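Right, one structure below, let's go through it.
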Amino acid sequence: MFTQKHTSVSQPAGRRKVRANWHILSTLSLSALLAYAPLGHTQTIMPIPVADINSGANGSYPVFSIVYNNKLYFQADDGITGAELWVYDGSNSPSRVADIYSGANSSYPASLAVYNGKLYFRADNGTTGAELWVYDGSNPPSQVADIANINNSGFNSSYPDYFTVYNNKLYFQAEDIVGNELWVYDGSNPPSQVANIYNSGSNGSYPNYFTVYNNKLYFSAVDNTGQELWVYDGSSTSQVADISGSNNSRVANLTVYNGKLYFSADDGTTTGTELWVYDGSSLPSLVANINSSSGGDSDPD
Ligand SMILES: [Ca+2]
Ligand SMILES: [Ca+2]
Ligand SMILES: [Ca+2]
Ligand SMILES: [Ca+2]
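The sequence shown maps to residues 2 to 302 in my numbering.
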């Protein structure tokens, strides 16, 4: 079933790209995007389904797409084997890469990322929980490690997420007995925890918004000072600034622009959540109080 409205599109030739914000487009058909190919200088493009993966009226809900080895990889549910890893080469019908959680159950492959010529993602095979998996493009996908059990946490899943390449290694957040913290994988040795940033029982720092800037890895992380801006220089982690003192700055949405690091934060005064900037050396500062009402958030994203 294909119910999306036809869309008229007119763009200069060569500038047409499939731009998919999957948060926004999660309800649209991936098939429509796949068929959204350059056809001429100006013309009406009518998206057509590439394949009816889950045949009939049920959707296959393709999500988490990424390009690897000139093919499009994504999670889809054919209605028989659950949500699994699929691939599309641009011409032949999409096909399932593997049924990682065997049978009708779903492995929910997610957070797909390319590192060192291989495709990494989180998946649940039904026995070891949601863990780190790898696919080399030809052999069946395999589990890299049962991270939740590396430190005998007793947990089922480590839920690795937000994979980011820095200094030729793969960084991500994952959970074990000391909480959700920063982990690293070098492509061969077992993954290891970089730091226990929120060093208090099983509290996690939930490192997120990983962004490489000035050869360092910046991210937001939580400890007893709230969610603030942190940095990893390849050897140790440290807090850049406690922007809001005892309050939670909710640092998020890190982006490099014009040689500086921009992000959203709340300084704990009446400013609200606004746009901040860091130049790599001075203390971070407020760029502008876009929503100037007392406590008003402009929520830059
Ligand atoms: Ca399955
Ligand atoms: Ca596990
Ligand atoms: Ca912790
Ligand atoms: Ca704080």
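Cβ coordinates follow ideal geometry from the N, Cα and C atoms, glycine included. Keep in mind it's a predicted model, so treat the numbers as computed, not measured.
Problem set entry | Residues near T128 by beta carbon distance below 6 Å, same chain, minus five either side | Taking the sequence shown and counting its residues from 1, the one referred to as residue 128 is at position 127. Excluding positions up to five away in sequence, the list is empty.
Exercise. How long is the line joining the alpha carbons of G138 and L255, rounded to whole angstroms?
Worked result: By one-based count along the sequence shown, residue 138 stands at place 137. By one-based count along the sequence shown, residue 255 stands at place 254. Cα-Cα distance, rounded: 31 Å.
Exercise. What's the C-alpha gap between L183 and K217?
Worked result: The sequence position of residue 183 within the sequence shown is 182, counting from 1. The sequence position of residue 217 within the sequence shown is 216, counting from 1. Each residue's alpha carbon lies about 14 Å from the other.
Problem set entry | CA-to-CA distance, A105 to I81, given in whole angstroms | Translated into positions along the sequence shown, residue 81 becomes position 80. Translated into positions along the sequence shown, residue 105 becomes position 104. So the two alpha carbons sit approximately 6 Å from each other.
Exercise. Who does Y258 pair with in a DSSP beta bridge?
Worked result: Position 257 of the sequence shown holds residue 258. For Y258, which the question treats as bridged, DSSP gives the partners K261.
Exercise. If you drop the 5 nearest sequence neighbours on each side, which residues of the same chain put their C-beta closer than 6 Å to that of R251?
Worked result: On the sequence shown, residue 251 is found 250 positions in, with the first residue counted as 1. Contacts found: Q228 and D267.
Problem set entry | A58 in three-state terms, based on DSSP | By one-based count along the sequence shown, residue 58 stands at place 57. Three-state DSSP puts A58 in coil, outside helix and strand.
For this session: Kindly say whether I198, judged by its beta-carbon, lies nearer than 8 Å to any beta-carbon of chain D.
Result: Here chain D cannot be found, since the structure has a single protein chain.
Problem set entry | Span separating the alpha-carbon of S66 from that of Y258 | Against the sequence shown, residue 66 aligns to sequence position 65. Against the sequence shown, residue 258 aligns to sequence position 257. Those two C-alpha atoms are separated by around 26 Å.
Problem set entry | Rounded C-alpha distance that separates S299 from S282 | Here residue 299 is taken as the residue at index 298 of the sequence shown, counted from 1. Here residue 282 is taken as the residue at index 281 of the sequence shown, counted from 1. When rounded, the distance between both Cα atoms is 26 Å.
Exercise. Taking 7 Å as the cut-off, does the CB of V205 come closer than this to any heavy atom belonging to ligand 3?
Worked result: Position 204 of the sequence shown holds residue 205. It is Gly, not Val, that sits at residue 205 in the sequence shown. Yes, the beta carbon of G205 sits closer than 7 Å to at least one heavy atom of ligand 3.
For this session: With a threshold of 7 Å, establish whether the CB of S107 neighbours any heavy atom of ligand 1.
Result: The residue you call residue 107 lines up with position 106 of the sequence shown. Flag set: Cβ of S107 near ligand 1.
Problem set entry | Beta-bridge pairing of N209 - partner residues as DSSP gives them | Translated into positions along the sequence shown, residue 209 becomes position 208. DSSP lists S221 as partners of N209.
For this session: Work out the CA separation of G188 and L133 for me, nearest whole Å.
Result: Here the question's residue 133 lines up with position 132 in the sequence shown. Here the question's residue 188 lines up with position 187 in the sequence shown. The alpha-carbon atoms of L133 and G188 are separated by roughly 12 Å.
Exercise. Is E229 near ligand 4, in the sense that its beta carbon is under 7 Å from a heavy atom of that ligand?
Worked result: Counted from its first residue, the sequence shown places residue 229 at position 228. Yes; taking the cut-off as 7 Å, the Cβ of E229 has a heavy atom of ligand 4 nearer than that.
For this session: Please classify N181: does DSSP put it in a helix, a strand, or coil?
Result: The count along the sequence shown starts at 1 and reaches residue 181 at position 180. Strand, per DSSP.
Problem set entry | Proximity test, D147 beta-carbon vs ligand 2 heavy atom, cut-off 7 Å | Locating residue 147 in the sequence shown gives position 146, where the first residue counts as 1. Flag set: Cβ of D147 near ligand 2.
Exercise. Could you give the residue range of the beta strand (DSSP E) that holds R97?
Worked result: For the purposes of this step, residue 97 is taken as the residue at position 96 of the sequence shown. Residues S96 to A99.
Problem set entry | Contact test: V88 Cβ vs ligand 3 heavy atom, cutoff 7 Å | Taking the first residue of the sequence shown as 1, we reach residue 88 at position 87. V88: no, Cβ never under 7 Å from ligand 3.
Exercise. By DSSP, does A149 sit in helix, in strand, or in coil?
Worked result: As a first step, residue 149 must be located in the sequence shown, where it is residue number 148. Reduced to three states, the DSSP call for A149 is helix.
Exercise. Looking at E176 and ligand 3, is the gap between the Cβ and the nearest heavy atom below 7 Å?
Worked result: One-based indexing of the sequence shown puts residue 176 at position 175. E176 Cβ: outside cutoff for every heavy atom of ligand 3.
Problem set entry | Cut-off 7 Å between Cβ atoms - residues of its own chain near P191, not counting five sequence neighbours on either side | Position 190 of the sequence shown, counted from the first residue, corresponds to residue 191. Result list for P191: A146 and I151, in chain order.
Exercise. What does a CB cutoff of less than 7 Å around L204 pick up in its chain, not counting 5 residues either side in sequence?
Worked result: For the purposes of this step, residue 204 is identified with residue 203 of the sequence shown, where counting begins at 1. It is Asn, not Leu, that sits at residue 204 in the sequence shown. Cβ neighbours of N204 beyond the five flanking positions: G180.
Exercise. What do you reckon, is the C-beta of S103 under 7 Å from a heavy atom of ligand 1?
Worked result: Your numbering for residue 103 matches position 102 in the sequence shown. Within the cutoff, so yes.
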